[in-house]
Amino acid sequence: MLVTLFIIIISPIFQWYFKIRSNAITTIPPPSPPKFPIIGNLHQLGLYPHRSLQSLAQKYGPLMLLHLGKVPVLVVSSADAAREIMKTHDLVFASRPKIKMFETLLYGYKDVASAPYGEYWRQIRSVSVLHLLSNRRVQSLRGVREEETAISMEKIRGASNMCVNLSELFCTVTNDVVCRTALGRRYGSGEGFKELLREFTEVIGGFVVGDYIGWLDWVGAVSGLYGRAESVAKEFDRFLDQVVQEHIDRSGSSDSSGEGNYDFVDVLLWIQRTNSIGFPIDTAVIKALILDMFAAGTDTTATVLEWAMTELIKHPNTMKKLQDEAQSIAGEHGAHITEEHIGHMPFLRAVLKETLRLHPPIPLLFPRESMQDMKLKGYDIKAGTRVIVNAWAIGRDPAYWDNPQEFEPERFLNSSVDYKGHDFQLIPFGAGRRGCPGIQFAMAINELVLANLVHQFDWTLPKHGEAAREALDMSETVGLTMHRKIPLVLVASPRNNC
Numbered sequence: 001m002l003v004t005l006f007i008i009i010i011s012p013i014f015q016w017y018f019k020i021r022s023n024a025i026t027t028i029p030p031p032s033p034p035k036f037p038i039i040g041n042l043h044q045l046g047l048y049p050h051r052s053l054q055s056l057a058q059k060y061g062p063l064m065l066l067h068l069g070k071v072p073v074l075v076v077s078s079a080d081a082a083r084e085i086m087k088t089h090d091l092v093f094a095s096r097p098k099i100k101m102f103e104t105l106l107y108g109y110k111d112v113a114s115a116p117y118g119e120y121w122r123q124i125r126s127v128s129v130l131h132l133l134s135n136r137r138v139q140s141l142r143g144v145r146e147e148e149t150a151i152s153m154e155k156i157r158g159a160s161n162m163c164v165n166l167s168e169l170f171c172t173v174t175n176d177v178v179c180r181t182a183l184g185r186r187y188g189s190g191e192g193f194k195e196l197l198r199e200f201t202e203v204i205g206g207f208v209v210g211d212y213i214g215w216l217d218w219v220g221a222v223s224g225l226y227g228r229a230e231s232v233a234k235e236f237d238r239f240l241d242q243v244v245q246e247h248i249d250r251s252g253s254s255d256s257s258g259e260g261n262y263d264f265v266d267v268l269l270w271i272q273r274t275n276s277i278g279f280p281i282d283t284a285v286i287k288a289l290i291l292d293m294f295a296a297g298t299d300t301t302a303t304v305l306e307w308a309m310t311e312l313i314k315h316p317n318t319m320k321k322l323q324d325e326a327q328s329i330a331g332e333h334g335a336h337i338t339e340e341h342i343g344h345m346p347f348l349r350a351v352l353k354e355t356l357r358l359h360p361p362i363p364l365l366f367p368r369e370s371m372q373d374m375k376l377k378g379y380d381i382k383a384g385t386r387v388i389v390n391a392w393a394i395g396r397d398p399a400y401w402d403n404p405q406e407f408e409p410e411r412f413l414n415s416s417v418d419y420k421g422h423d424f425q426l427i428p429f430g431a432g433r434r435g436c437p438g439i440q441f442a443m444a445i446n447e448l449v450l451a452n453l454v455h456q457f458d459w460t461l462p463k464h465g466e467a468a469r470e471a472l473d474m475s476e477t478v479g480l481t482m483h484r485k486i487p488l489v490l491v492a493s494p495r496n497n498c
């Protein structure tokens, strides 16, 4: 009897042991570099994680498993692997991990970018895609883009033959376009608002050790990062409360569903008032969606323009070729290039594609998270694994690009490769379900501003000559977006035909 009882008790233990042992033998994780206790591979991220991860991937492969503290992270560094994540198994990897700064600054994951996958995310994304960022809506905002671009060109003309801080100017023009399209008017003309935006973009990209090692969460409080984030969140919340209330006061019973002159807040309030999507949205959701517009529509757009002009000033022959194209389309005496001209400027689009290839505004795309255990290219990926796609490394992969380190826009002239999420060797805006819904909105600004910059002005460095171009600092900042470390300051001279 005792023997029988012993067997009954011990059998489940043996079954559990052999199951664990069997899983350990049959599970094949992706290659991983050696890790330290507690911190795992955190120390290997370095000052420039996109570069550090590229170097590690060259040794361990395009699918590489890191352990950042207690968090397993799958790093994707090739177009083929990215296709598996963003297309073949897109649904499995469609969720987002919980990140402290997103929770604090984006109303507890109520925005499109950070919300976890589910019915809520599907509904608010459809609001953005169908009501805020549809082709029709973007085209209806053409007048705003052209007016703000013209204002920026006049500012430059007022500083003719003097130094122009283009990094600052790009932040201003993109901010003004977003303010007018999203909020109905310019709110950000003062330095205080610009500083708030700068603080927002810095803090949201801040590294939070507590996201990876839970018991070190206190570091964020001691370092002041949490305090900064809460301060920015409260200040933005007060500002957005003011904006929403102004729109409520003026809206009355007007129907803001039409394209007309209605801005994004008008449309969102109309949806809230009529429950037209069959899904209630509260004021916090409206504010979160507007914050998405600022986060995605200002900083990243300004970054693309900043790097495009940096590359053009380093490559004067390319600059001349783009100026010639603009002049051939707009004519000798065309003061302004309009969006009608843009469709006839293939080299302009090639320049922007090449800029996005070498300098994706977000080099490490927003992290995804696996929602279930699955097999990926022969490797076992556990549910809850975080996924980072290194768009910067993919854009410089010699397996897909000739002379990958060189700025050569001509590579795109006879190529169908685009940045819209179908060609995985060029994914600066992501792809699949979590791809950026505002690509057309952002690129419409980039195309118009860049075309007018090169058509209306000749540009030189404050110090002239080949040596100055070679010495141009190309250092990057560290954060969510990849700005120039040193602002781009150039001298503008009006062109004779303008």
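For the sequence shown, full-length UniProt numbering begins at 1 and goes up steadily by one. No residue lacks a Cβ here, since even glycine has one placed at the ideal position from N, Cα and C.
Residue i: CB within 8 Å of a non-hydrogen atom of the ligand ZN
i	result
L488	The ligand ZN is not among the ligands present in this structure, which contains no ligands whatsoever.
Pair within 9 Å by beta-carbon distance, residue i and residue j
i	j	result
Q456	M86	no
E195	V173	no
L156	L453	The sequence given here places Ile at residue 156; Leu does not occur at that position. For I156 and L453, yes; Cβs fall inside 9 Å.
P361	T477	no
G40	K70	yes
R180	D263	yes
F294	V178	yes
T310	M474	yes
A302	C171	yes
V285	L74	no
V243	N446	no
L130	A288	no
R495	E339	no
A451	L356	no
I381	P30	yes
D237	A113	no
Cα-Cα separation between residue i and residue j, rounded to whole angstroms
i	j	result
D299	M374	36 Å
S52	N390	10 Å
N403	A82	21 Å
Y400	I427	13 Å
M345	S55	37 Å
F424	P363	14 Å
H359	T283	36 Å
Q139	G61	43 Å
D211	G220	10 Å
G479	R228	15 Å
A393	H50	7 Å
residue 521	N135	Nothing can be reported for residue 521: it is not among the residues displayed for the chain, which extend from 1 to 498.
I99	H336	44 Å
W459	H67	46 Å
R276	W270	The amino acid at residue 276 is misidentified as Arg; the sequence shows Ser. Their Cα atoms are separated by approximately 8 Å.
V164	I151	15 Å
L352	L133	21 Å
A383	S32	18 Å
A296	P437	10 Å
I281	R250	20 Å
Cβ-based burial, residue i [other Cβ within 10 Å; buried from 16]
i	result
H464	exposed
H247	buried
V222	exposed
A492	buried
E259	Residue placement at E259 is flagged as unreliable, the pLDDT there being 46, under the threshold of 50; the coordinate-derived value follows with that caveat. The residue in question, E259, is exposed, as its Cβ has fewer than 16 Cβ neighbours within 10 Å.
D266	buried
L65	buried
S167	buried
A350	buried
A160	Checking the sequence shown, residue 160 turns out to be Ser, not Ala. Exposed: under 16 other Cβ atoms inside 10 Å.
F441	buried
I290	buried
T26	exposed
N175	buried
L47	exposed
residue 524	No answer is possible for residue 524: the residues shown for the chain start at 1 and end at 498.
I486	exposed
K110	buried
P37	exposed
G192	exposed
R484	buried
E230	exposed
*asked:* When you compare the segment 89 to 101 with the segment 368 to 381, are there three or more beta-carbon pairs, one atom per stretch, that lie closer than 8 Å?
replied: Touching, per the Cβ criterion.
*At least three beta-carbon pairs within less than 8 Å, the segment 403 to 419 to the segment 69 to 80*: The segment 403 to 419 makes no contact with the segment 69 to 80: fewer than 3 CB pairs, one atom from each, lie closer than 8 Å.
_Which runs of the alpha helix (DSSP H) at least 4 residues long sit entirely within the segment 92 to 146? Give them in chain order._
Annotation: the segment 92 to 146 contains the following complete segments of the alpha helix (DSSP H) (minimum length 4 residues), in chain order: 100 to 105, 119 to 127, 135 to 140.
*Counting pairs of beta carbons, one from the segment 432 to 440 and one from the segment 376 to 395, are three or more of them closer than 8 Å?*
Proximity of the segment 432 to 440 to the segment 376 to 395 falls short of the contact definition, fewer than three beta-carbon pairs being nearer than 8 Å.
*asked:* I want to know whether the segment 400 to 409 touches the segment 119 to 138 - three or more CB-CB distances under 8 Å.
replied: These segments do not touch.
*Touching by the beta-carbon criterion (3+ pairs, under 8 Å), the segment 309 to 328 and the segment 198 to 212*: The answer is no - the segment 198 to 212 does not touch the segment 309 to 328, with fewer than three Cβ pairs under 8 Å.
*Which runs of the alpha helix (DSSP H) fall wholly inside the segment 380 to 419 and span at least 4 residues, in chain order?*
With a minimum length of 4 residues, the continuous alpha helix (DSSP H) runs that stay inside the segment 380 to 419 are 391 to 394.
*In chain order, which beta strand (DSSP E) runs of at least 3 residues are fully inside the segment 153 to 210?*
Counting only runs of 3 or more, we get 163 to 165.
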